[in-house]
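K.L.:
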Amino acid sequence: MKVNVSKIKNFPGKVMDVKFKEPLPYLSIDRDEMKLLSPLDFSGKIENLGGRLLLTGNINVTVELLCSRCAENISLEVNAPFSEIFTNLKTVAEEEQEEEISFFSGEEIDITSHVARAILLELPMKVLCHENCKGLCSECGVNLNQAKCQCTEEVIDPRFLVLKKLVNLSSTEGGVSSGSAEKKNI
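Quick note, the numbering used here runs 842 ahead of the 1-based positions in the sequence shown.
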């Protein structure tokens, strides 16, 4: 996704509307790809701040994600605000280095990675197909929203088997009598 800035980059104070609809099947975020179920719709404006270009707007798109509990595909509508500062200057004043400024060269700004980041920031930390999702059985992997698990064997963590033996030993020997502490050989 590229924004042509040739009509604005040399004119401080000028503002230009930016609107586009990109029919992208996927959007890459770092090493992962996010499937887009609708065209990516961007609506905003770009303003020349004198040496810097401020692109602000709103992103609307429907994405396909996996439920964090049951791993089913779900669609989620994302409405993300967008605001980035770009400059074609190779040197930035020291006081501006703390701000997050992106660089560009030529007549176009590639905003693909910035849009992907804005969408990612709007996604919930834990994506669920519905609030009461039961998830997957940890033993057999069946989706507990669709079927009842047939697992009956209780699996005990081997680290706790020693504790279970102690509890069983204590209950068979009668445990500690009231008022006196008896020493048990284990």
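Ideal Cβ positions, reconstructed from N, Cα and C, are used throughout, including at glycine.
No experiment lies behind these values; they were computed from the predicted model shown.
Quick one: what does DSSP say I953 is sitting in, helix, strand or coil?
P.N.:
Here residue 953 refers to the residue found at position 111 when the sequence shown is read from its first residue. Here I953 sits in coil by DSSP.
K.L.:
Can you look up A960 in the DSSP assignment and give me helix, strand or coil?
P.N.:
For this step, residue 960 is matched to residue 118 along the sequence shown. Looking at A960 - three-state DSSP - the assignment turns out to be helix.
K.L.:
Considering N846, what are the terminal residues of the beta strand (DSSP E) in which it resides?
P.N.:
For the purposes of this step, residue 846 is taken as the residue at position 4 of the sequence shown. Segment 844 to 846, the beta strand (DSSP E) holding N846.
K.L.:
Return the chain-ordered list of same chain residues with a C-beta closer than 8 Å to the C-beta of T929, the five sequence neighbours on each side being excluded.
P.N.:
Taking the sequence shown and counting its residues from 1, the one referred to as residue 929 is at position 87. These residues qualify, in order along the chain: G893, R894, L895, I943, S944, F945, F946.
K.L.:
What is the DSSP secondary structure of C971, reduced to helix, strand or coil?
P.N.:
In the sequence shown, residue 971 corresponds to position 129, counting from 1. Correct three-state label for C971: coil.
K.L.:
Using CA atoms only, rank isn't needed, just tell me which of V845, S917, L897, A913 is closest to P923.
P.N.:
For the purposes of this step, residue 923 is identified with residue 81 of the sequence shown, where counting begins at 1. Here the closest residue by C-alpha is L897.
K.L.:
Using beta-carbon positions only, say whether E926 and S917 come within less than 9 Å of one another.
P.N.:
As a position in the sequence shown, residue 926 is number 84, starting the count at 1. As a position in the sequence shown, residue 917 is number 75, starting the count at 1. For E926 and S917, no; Cβs fall outside 9 Å.
K.L.:
Just to confirm the assignment, what range does the beta strand (DSSP E) spanning K863 have?
P.N.:
Taking the first residue of the sequence shown as position 1, residue 863 is located at position 21. From DSSP, the beta strand (DSSP E) with K863 extends over 857 to 864.
K.L.:
Name the two residues that bound the continuous alpha helix (DSSP H) containing K1006.
P.N.:
As a position in the sequence shown, residue 1006 is number 164, starting the count at 1. Run containing K1006: 1003 to 1014, per the alpha helix (DSSP H) assignment.
K.L.:
I'd like to know whether the C-beta atoms of I953 and V903 end up nearer to each other than 9 Å.
P.N.:
Indexing the sequence shown from 1 puts residue 953 at position 111. Indexing the sequence shown from 1 puts residue 903 at position 61. For I953 and V903, no; Cβs fall outside 9 Å.
K.L.:
Exposed or buried, N915, counting other C-beta atoms within 10 Å across all chains shown (16 or more means buried)?
P.N.:
By one-based count along the sequence shown, residue 915 stands at place 73. N915 should be labelled exposed.
K.L.:
Report buried or exposed for R911, applying the criterion of at least 16 other Cβ atoms within 10 angstroms of its Cβ.
P.N.:
On the sequence shown, residue 911 is found 69 positions in, with the first residue counted as 1. Buried, because 16 or more other Cβ atoms sit within 10 Å of the Cβ of R911.
K.L.:
Quick check: L978 and V969, are their CB atoms within less than 9 Å of each other?
P.N.:
Taking the first residue of the sequence shown as position 1, residue 978 is located at position 136. Taking the first residue of the sequence shown as position 1, residue 969 is located at position 127. It is not a contact, given that the beta carbons lie outside the stated cut-off.
K.L.:
How long is the line joining the alpha carbons of S880 and L908, rounded to whole angstroms?
P.N.:
Taking the sequence shown and counting its residues from 1, the one referred to as residue 880 is at position 38. Taking the sequence shown and counting its residues from 1, the one referred to as residue 908 is at position 66. Going from the Cα of S880 to the Cα of L908 covers about 17 Å.
K.L.:
In whole angstroms, give me the CA-to-CA distance for N921 and P867.
P.N.:
Start at 1 with the first residue of the sequence shown, and residue 921 comes out as number 79. Start at 1 with the first residue of the sequence shown, and residue 867 comes out as number 25. Using only the alpha carbons, I get a separation of about 18 Å.
K.L.:
Might you give, ordered along the chain, the residues of its own chain that have their beta carbon closer than 7 Å to the beta carbon of N987, omitting 5 neighbours on each side?
P.N.:
On the sequence shown, residue 987 is found 145 positions in, with the first residue counted as 1. Counting only Cβ-Cβ distances below 7 Å, and skipping sequence neighbours, we find C912, C975, K976.
K.L.:
Could you please give me the residues that DSSP links to N902 through a beta bridge?
P.N.:
Reading the sequence shown from its first residue, position 60 is the one you call residue 902. DSSP lists D883, N921 as partners of N902.
K.L.:
Strictly by DSSP, which residues pair up with I943?
P.N.:
Numbered from its first residue, the sequence shown carries residue 943 at position 101. The partner list for I943 (beta bridge, DSSP) reads I927.
K.L.:
In the DSSP assignment, what are the bridge partners of K877?
P.N.:
Locating residue 877 in the sequence shown gives position 35, where the first residue counts as 1. In the DSSP output, where bridge partners are listed per residue, K877 has Y868, E906.
K.L.:
Mind checking who N890 pairs with in its DSSP beta bridge?
P.N.:
For the purposes of this step, residue 890 is identified with residue 48 of the sequence shown, where counting begins at 1. Answer is L895, bridged to N890.
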